[in-house]
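When the letters of the sequence shown are read in order and numbered with our numbering, they come out as residues 467 to 747. Where is the CB? At the ideal position from N, CA and C, for every residue including glycine. Below you'll find the structure, written out as structure tokens, and then a few comments.
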Amino acid sequence: MTAMEGQSLRADLHLHSRWSDGSLPIPALLELAKRLGLGCVAITDHDTLAGQPQAAAAAQALGIRLLPGLEISAFDPATGRKVHILGYGIRDARRVEDTLAPYRQDRHRAMKRAVELLAQVGYPIGLEVVAPYIGEGGILYRQQIMHALMDRGYALSVYDPLYRKLFKNGGIAQVQSSYLPALEAVELVRGCGGRAVLAHPFEYDSMDLLPALVEAGLEGIECYHPSQTPQRQQAVRRAAEQYGLFLTGGSDAHGMYTQYVDPPGSHGILLEPGHPLYPLD
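Below you can see the structure in the form of structure tokens.
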């Protein structure tokens, strides 16, 4: 039976694995999704599609539908605010990887510098200590540094108060890195055959960017997400109607590397035949 002939699918279209800043490898993440009754998932690791072949193989083995995706960590040059763009169904993965590689490497450089700064003020870590925590993508993230500190007794969780002390508001490990401009992120997704969606629009105060993003080719907006209250969801639905956008949803699950208690499927959607992202065989 093809997807077109199938039923509505319980879907989580925003999941992270060890290819970026999630704590679970893709096979374990998909097995969890299957156990939780999901029929369709998207692994949306930050700034990379490199894990998609592994995800496709694992999904096929488990009998769960996979929507290829990623989450681009972008920013608005006018305000300096972060803007996250989800991209689904991209056909030209090589162009995406090549475009985003410098940003991934700059983030890795920044986190290596953060480790050096922590070591200088007396924390018992170094690059050799955090290396085993780095995932398959080969890029170091703040959550992995915090994991190393947790294992050494300095924090009880990844988002322990120590996280804010070190990485926020001028903390000693707050090192800046570069990001792709948001409009370019949308254009990249569209230019590579994919569909661009604005992720968690209230988390980074992105709603006022909708007109420019839509003009650049944005097609969807994430309505269901741990950061979206019912009032915010209603505002998103109104904006979607105004701009002709389709709605998506996902848990943004990162395993233990998360500030939310939201397992896969907890903020997903019922993906109906006819939805622009409904999987076709």
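Using the beta-carbon count (16 or more within 10 Å), is L622 buried or exposed? Taking the sequence shown and counting its residues from 1, the one referred to as residue 622 is at position 156. Exposed: under 16 other Cβ atoms inside 10 Å.
- Message: Quick check on the burial criterion: 16 or more other C-beta atoms within 10 angstroms. Buried or exposed for M612?
- Response: Taking the sequence shown and counting its residues from 1, one reaches residue 612 at position 146. Answer is buried; the Cβ neighbour count reaches 16.
By the 10 Å Cβ neighbour count, where 16 or more other Cβ atoms means buried, how is S672 classified, buried or exposed?
Locating residue 672 in the sequence shown gives position 206, where the first residue counts as 1. Label assigned to S672: buried.
Per DSSP, what kind of secondary structure is H613 in: helix, strand or coil?
Position 147 of the sequence shown holds residue 613. Looking at H613 - three-state DSSP - the assignment turns out to be helix.
*Which residues in the same chain have their Cβ closer than 8 Å to the Cβ of H574, if we skip the five residues on either side of it in sequence?*
The sequence position of residue 574 within the sequence shown is 108, counting from 1. Answer for H574: G604, I605, L606, listed in chain order.
Open item on the list: Alpha carbons only, please: which of H550, S643, N635 is nearest the one belonging to R579?
Closed with: Position 113 of the sequence shown holds residue 579. For the residues H550, S643, N635, the minimum Cα distance to R579 belongs to S643.
(message) Tell me the DSSP secondary structure of R630 in three-state form.
(response) Position 164 of the sequence shown holds residue 630. Helix at R630.
### Query
Cβ of R618 within 8 Å of Cβ of P590?
Position 152 of the sequence shown holds residue 618. Position 124 of the sequence shown holds residue 590. Closer than 8 Å, so yes.
request  = Look at the alpha carbon of R698 and the alpha carbon of R557, and state the distance between them as a whole number of angstroms.
outcome  = Numbered from 1 along the sequence shown, position 232 holds the residue referred to as residue 698. Numbered from 1 along the sequence shown, position 91 holds the residue referred to as residue 557. Their Cα atoms are separated by approximately 32 Å.
Report yes if the CB atom of R484 is closer than 8 Å to the CB atom of G731, and no otherwise.
-> As a working note, residue 484 is residue 18 in the sequence shown. As a working note, residue 731 is residue 265 in the sequence shown. No, Cβ-Cβ distance for R484 and G731 is not below 8 Å.
In chain order, what residues of the same chain have a beta carbon less than 7 Å from the beta carbon of G683, not counting five sequence neighbours either side? The count along the sequence shown starts at 1 and reaches residue 683 at position 217. V652, E653, R656, A662.
| said: Please report the straight-line C-alpha distance between A576 and L632, rounded to a whole angstrom. | reply: Here the question's residue 576 lines up with position 110 in the sequence shown. Here the question's residue 632 lines up with position 166 in the sequence shown. Whole-angstrom Cα-Cα distance: 14 Å.
If you measure between the beta carbons of G553 and G488, is that distance less than 8 Å? Your numbering for residue 553 matches position 87 in the sequence shown. Your numbering for residue 488 matches position 22 in the sequence shown. Not a contact, by the Cβ cut-off of 8 Å.
Check your understanding: From what residue to what residue does the beta strand (DSSP E) around E537 run?
Key -> Stepping through the sequence shown from its first residue, residue 537 is reached at position 71. Looking at the DSSP string, the run of the beta strand (DSSP E) that includes E537 is 535-541.
Query - Presumed contact (8 Å Cβ cut-off) between I530 and L566, rounded CB distance - result: Here residue 530 corresponds to residue number 64 of the sequence shown, with the count starting at 1. Here residue 566 corresponds to residue number 100 of the sequence shown, with the count starting at 1. Not quite, the Cβ-Cβ distance comes to about 26 Å (not below 8 Å), so this is no contact.
Selection from L498, T510, V549, R547 that minimises the alpha carbon distance to L528:
Start at 1 with the first residue of the sequence shown, and residue 528 comes out as number 62. When only C-alpha atoms are compared, the closest one is L498.
> Just the Cα atoms here: how many angstroms apart are P692 and Y645?
Replying inline: Along the sequence shown, read from residue 1 onward, the residue named residue 692 stands at position 226. Along the sequence shown, read from residue 1 onward, the residue named residue 645 stands at position 179. Whole-angstrom Cα-Cα distance: 24 Å.
- prompt: Rounded to whole angstroms, how far is the Cβ of P745 from the Cβ of L533, which I believe are closer than 8 Å?
  reply: Sequence index remark: in the sequence shown, residue 745 carries index 279 (1-based). Sequence index remark: in the sequence shown, residue 533 carries index 67 (1-based). Confirmed, Cβ separation roughly 6 Å.
- Tell me whether L736 is buried or exposed, calling it buried when 16 or more other Cβ atoms sit within 10 Å of its Cβ. In the sequence shown, counting from the first residue as 1, residue 736 sits at position 270. Per the 10 Å Cβ criterion, exposed.
Exercise. CB-CB under 7 Å to H733, same chain, minus the five flanking residues each way: which ones, in chain order?
Worked result: Within the sequence shown, numbered from 1, the residue matching residue 733 stands at position 267. Cβ within range, chain order: Y690, H691, P692, G715, G716, S717.
Anyone know if the C-beta pair for E738 and S486 falls short of 8 Å?
Position 272 of the sequence shown, counted from the start, is the residue given in the question as residue 738. Position 20 of the sequence shown, counted from the start, is the residue given in the question as residue 486. No, they are not a contact pair.
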